[in-house]
Each structure stands twice: as C-alpha cells, then as structure tokens.
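Take a look at the structure below.
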Amino acid sequence: MAVSFRLLAEEGGARRGQLETAHGVVDTPAFMPVGTQATVKALAPDEVRGLGAQVLLGNTYHLALRPGADRIARLGGLHRFMGWDGAILTDSGGFQVFSLDHLVRVTDDGATFRSHLDGSEQRFTPESVMAMQRELGSDIAMAFDQPVAWPTTPATARAATEQTHRWALRCLDENRAPGQLRFGIVQGGFDEDLRRESAQFLGGLAFDGFGVGGLSLGEPKSLTYRLLSVQTAILPRDRPRYLMGVGTPADLVEAIARGIDMFDCVLPTRIARNGSILTRGGRINLRNSRFIEDTGPPDQGCDCYTCQRFTRAYLRHLFMAGEILGHRLASIHNLRLLVRLVGQVREAIGDGHFGELVTSLRDEWTQAPLP
Numbered sequence: 008m009a010v011s012f013r014l015l016a017e018e019g020g021a022r023r024g025q026l027e028t029a030h031g032v033v034d035t036p037a038f039m040p041v042g043t044q045a046t047v048k049a050l051a052p053d054e055v056r057g058l059g060a061q062v063l064l065g066n067t068y069h070l071a072l073r074p075g076a077d078r079i080a081r082l083g084g085l086h087r088f089m090g091w092d093g094a095i096l097t098d099s100g101g102f103q104v105f106s107l108d109h110l111v112r113v114t115d116d117g118a119t120f121r122s123h124l125d126g127s128e129q130r131f132t133p134e135s136v137m138a139m140q141r142e143l144g145s146d147i148a149m150a151f152d153q154p155v156a157w158p159t160t161p162a163t164a165r166a167a168t169e170q171t172h173r174w175a176l177r178c179l180d181e182n183r184a185p186g187q188l189r190f191g192i193v194q195g196g197f198d199e200d201l202r203r204e205s206a207q208f209l210g211g212l213a214f215d216g217f218g219v220g221g222l223s224l225g226e227p228k229s230l231t232y233r234l235l236s237v238q239t240a241i242l243p244r245d246r247p248r249y250l251m252g253v254g255t256p257a258d259l260v261e262a263i264a265r266g267i268d269m270f271d272c273v274l275p276t277r278i279a280r281n282g283s284i285l286t287r288g289g290r291i292n293l294r295n296s297r298f299i300e301d302t303g304p305p306d307q308g309c310d311c312y313t314c315q316r317f318t319r320a321y322l323r324h325l326f327m328a329g330e331i332l333g334h335r336l337a338s339i340h341n342l343r344l345l346v347r348l349v350g351q352v353r354e355a356i357g358d359g360h361f362g363e364l365v366t367s368l369r370d371e372w373t374q375a376p377l378p
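Numbering-wise (the numbering used here), the sequence shown opens with residue 8 and increments by one.
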C-alpha cells in the first residue's frame with residue numbers, strides 16, 4: 008500500500024496533514040461540501056473552489072440510480088461530468104440503502120431494495136458498489152457497510168458490525184480505478200466494546216483510510232464524542248480518519264480534537280435553502296422579522312462574498328420573496344464558514360495554538376450554543 012497521507016503536525020489528539028489523491032493534495036483537517044447528485048446544490052464548481060474546498064463528496068447510491076455509473080463512465084467519468092478538477096470522495100450508498108429500513112432485504116451477499124425514483128428492484132453488493140465507484144472514477148471509494156439506527160439493540164448492532172467486516176474484506180478484493188484510494192468504514196452501534204472491536208478489525212486491513220460511520224444519528228453528543236475517542240485511539244495513526252455526516256462548527260472542532268481529519272455534511276446547504284446561516288456562535292434564521300431592517304452583514308467578521316456585499320435585511324427579503332439568489336448566497340456563506348474554520352484549525356495545529364483556539368470557540372458556543 009503506497010503512502011498517500013502525511014502527518015505534518017500534532018497537538019494533543021488533533022492532527023494536521025496532507026492526503027495525496029489523483030486530483031491533487033487535500034490539506035487536512037478538511038471539510039467536504041456534499042455534491043450528492045454530482046452538484047453542490049445551487050453552486051457552480053468554480054464557486055465551490057473559490058470558497059477554498061479541495062475535495063467534494065458524491066453519492067454512489069444516487070448516481071447509480073440516476074444517471075447511472077456506467078453512463079457517467081461513458082461520458083468521461085465523474086470529474087469531467089460535473090466539471091470539477093479537484094478530488095472527489097464517493098460514499099458507498101450504505102447509509103442511504105439502510106435508511107430505507109423496511110424496504111431493504113439484507114443477506115450476507117448484499118442488500119436488495121426498491122429505488123426511490125421508480126420503485127424498481129435494485130441490488131447492491133460489496134462487489135457492485137466498488138465496481139460502480141471504479142466506473143465513476145472517484146479519488147476515494149468507500150467500502151459498503153451496514154449502519155444501524157439510534158436506538159438499537161445489542162444483537163442488531165453486532166450483526167450489522169460483523170456484516171460490515173465481512174463486506175470490507177470483499178471490497179478489498181475488488182479492482183480499483185488507477186490511483187483510487189479505498190477507505191473502510193468502522194461501525195459498532197453505540198456500544199464501546201463493539202466500537203473498539205470494529206476499529207481493531209478494520210484497522211488491521213489494507214485500507215488507505217477509514218470512515219467512522221453510524222454516529223451523530225440522534226444519540227447524546229457526550230456519547231458521540233466518547234465512542235469517537237474509543238475508535239480514533241485504535242485506528243492506525245498513519246492513515247486519515249473521516250467522520251461521516253457531521254458538520255456543525257462545534258462538532259468539527261470537537262472531533263478534530265479527538266483525531267478526526269475529514270468531514271462531510273449536507274447541513275450547510277440544506278439550512279441555507281431554508282433561510283438559515285451558520286455562525287461560529289450559533290445558527291441564525293434570516294426569515295425572522297427582527298432582520299427586516301438590519302443593515303449588518305449576515306455574519307460579522309466573515310470574509311465570504313455574501314458577508315462582504317450584502318445585509319441581513321437583503322437576504323431576508325430574498326428568502327421571503329422566494330428568490331433563488333437567497334439560497335445561493337446563504338450556501339456560499341455556510342460553506343465558506345466551515346472551510347475557513349478548518350483552515351484556521353490547520354494553522355493553529357501547525358503553530359501549536361490549537362488548545363487556545365478550542366478554548367476560545369467553546370466560550371463562544373457557551374454564550375450562544377448551536378441548536
């Protein structure tokens with residue numbers, strides 16, 4: 008296994024590094040904007056690049072159902088298809104498949120489910136999922152896994168975790184696209200011993216990095232952080248760790264302190280479409296009538312295009328009028344805030360001041376906690 012990840016600095020559990028991919032270097036810690044359908048909603052690739060993003064996330068489940076991984080391959084691969092020249096990580100679709108719950112039939116071979124688009128029967132196996140990611144040509148392909156919901160029973164968590172382990176071995180047996188990295192996904196439900204067992208098993212396999220899946224699904228934050236610490240203490244130090252589906256400013260910083268290197272989340276663009284923006288101190292609903300004549304920037308101190316050019320009053324007007332520009336401007340701000348935050352964290356780790364930054368941020372969150 009070629010070395011693709013370099014650790015540049017550490018402070019406590021926090022790490023600064025670089026991940027080499029076929030489409031460029033990704034500085035870590037990194038936040039990945041989500042492009043589920045081969046697009047970051049409402050934004051063009053050049054705009055996303057201008058926010059400082061180096062890597063995007065695409066979703067194998069959605070792209071396989073429409074337009075089809077084979078069609079994207081015939082059209083030149085995912086990078087060319089969506090006009091993005093940076094790195095792309097594709098999720099295996101496991102979370103989406105198992106979110107269908109009673110519509111999914113699981114055997115040791117794989118998962119059978121009905122498409123949410125047309126009701127057609129679909130079958131995902133470790134082999135087919137890795138083949139689809141090979142066709143997409145992503146820089147990082149995730150192994151097929153079986154997450155569980157919160158709450159769950161010990162028996163269900165163990166069965167899903169053991170299935171994830173068996174599928175991981177089959178994923179490693181598959182061929183990959185030239186230069187493609189493969190990440191395994193640790194599971195374990197909400198039990199410390201099972202989380203420890205999963206990290207030990209997956210950590211012993213020849214993956215290029217590891218996703219931490221099945222967390223932040225409704226369980227208490229204290230439990231999330233405790234389980235995260237259990238697994239990062241075991242996973243190989245020389246490979247990147249990716250906390251899947253987490254993206255509030257507080258969660259990013261707390262997870263980085265526990266050894267996480269990469270993140271993705273739909274939160275910044277989803278809440279933007281609903282009229283809300285993130286700030287380091289909390290979430291603001293710009294539809295609130297108190298902003299009707301507010302001439303201040305959406306987020307004081309932010310360097311993004313939205314905050315440099317427009318007022319809260321104007322963004323409120325756009326949302327109340329149903330103008331798509333409101334969605335775009337709020338998305339620009341929310342993504343820039345998270346990309347800029349991880350950039351500040353990288354700098355702080357490199358300078359040995361990460362602990363001071365965390366203390367400062369925790370003070371802000373205490374005064375104005377995120378919902």
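C-beta: ideal position from N, C-alpha, C; glycine also.
These figures come from a predicted structure and were not determined experimentally.
{"query": "Helix, strand or coil at residue 210 [DSSP, three-state]", "result": "helix"}
{"query": "Given 8 Å, three or more beta-carbon pairs between the region 224 to 243 and the region 22 to 40", "result": "no"}
{"query": "Runs of beta strand (DSSP E) wholly within the region 193 to 237 (minimum 3 residues, chain order)", "result": "216 to 219"}
{"query": "C-alpha distance - residue 301 paired with residue 325, whole-angstrom precision", "result": "14 Å"}
{"query": "Residue 322 (DSSP reduced to helix, strand or coil)", "result": "helix"}
{"query": "Neighbourhood of residue 19 by C-beta, 8 Å cutoff - its chain only, sequence neighbours within 5 removed", "result": "264, 361 and 362"}
{"query": "DSSP state of residue 129 mapped onto helix, strand, coil", "result": "strand"}
{"query": "Helix, strand or coil at residue 28 according to DSSP, with G and I counted as helix", "result": "strand"}
{"query": "DSSP-derived helix/strand/coil call for residue 17", "result": "strand"}
{"query": "Start and end residues, alpha helix (DSSP H) containing residue 346", "result": "331 to 358"}
{"query": "Best match in 188, 105, 260 and 150 for proximity to residue 177 [C-alpha to C-alpha]", "result": "150"}
{"query": "Which of helix, strand or coil DSSP assigns to residue 301", "result": "coil"}
{"query": "C-alpha gap between residue 352 and residue 92, whole angstroms", "result": "25 Å"}
{"query": "Cβ-Cβ separation, residue 111 to residue 105 (assumed contact under 8 Å), whole Å", "result": "6 Å"}
{"query": "Cβ-based burial, residue 22 [other Cβ within 10 Å; buried from 16]", "result": "buried"}
{"query": "As assigned by DSSP and simplified to three states, the class of residue 362", "result": "helix"}
{"query": "Validate contact between the region 238 to 253 and the region 190 to 197 using beta carbons, cut 8 Å, 3 pairs", "result": "yes"}
{"query": "Cβ neighbours of residue 254 in the same chain (closer than 8 Å, five flanking residues each side left out)", "result": "38, 270, 271, 272, 273, 274, 275 and 345"}
{"query": "Contact between the region 136 to 145 and the region 119 to 126 (3+ Cβ pairs under 8 Å)", "result": "no"}
{"query": "Entirely enclosed beta strand (DSSP E) segments - the region 239 to 314, minimum 3 residues", "result": "248 to 250, 269 to 271, 283 to 286 and 289 to 292"}
{"query": "Burial state of residue 173, where buried means 16 or more other Cβ atoms lie within 10 Å", "result": "exposed"}
{"query": "Helix, strand or coil at residue 370 [DSSP, three-state]", "result": "helix"}
{"query": "Contact under 8 Å by Cβ, residue 338 with residue 49", "result": "yes"}
{"query": "N- and C-terminal bounds of the beta strand (DSSP E) containing residue 62", "result": "62 to 66"}
{"query": "Where residue 183 sits in the DSSP three-state scheme", "result": "coil"}
{"query": "Residue of 323, 259, 249 and 25 minimising C-alpha distance to residue 206", "result": "249"}
{"query": "8 Å Cβ cutoff met for residue 220 and residue 143", "result": "no"}
{"query": "Neighbourhood of residue 279 by C-beta distance below 7 Å, restricted to the same chain and skipping five residues each side", "result": "334, 337, 338 and 341"}
{"query": "Beta carbon of residue 62 nearer than 8 Å to that of residue 85", "result": "no"}
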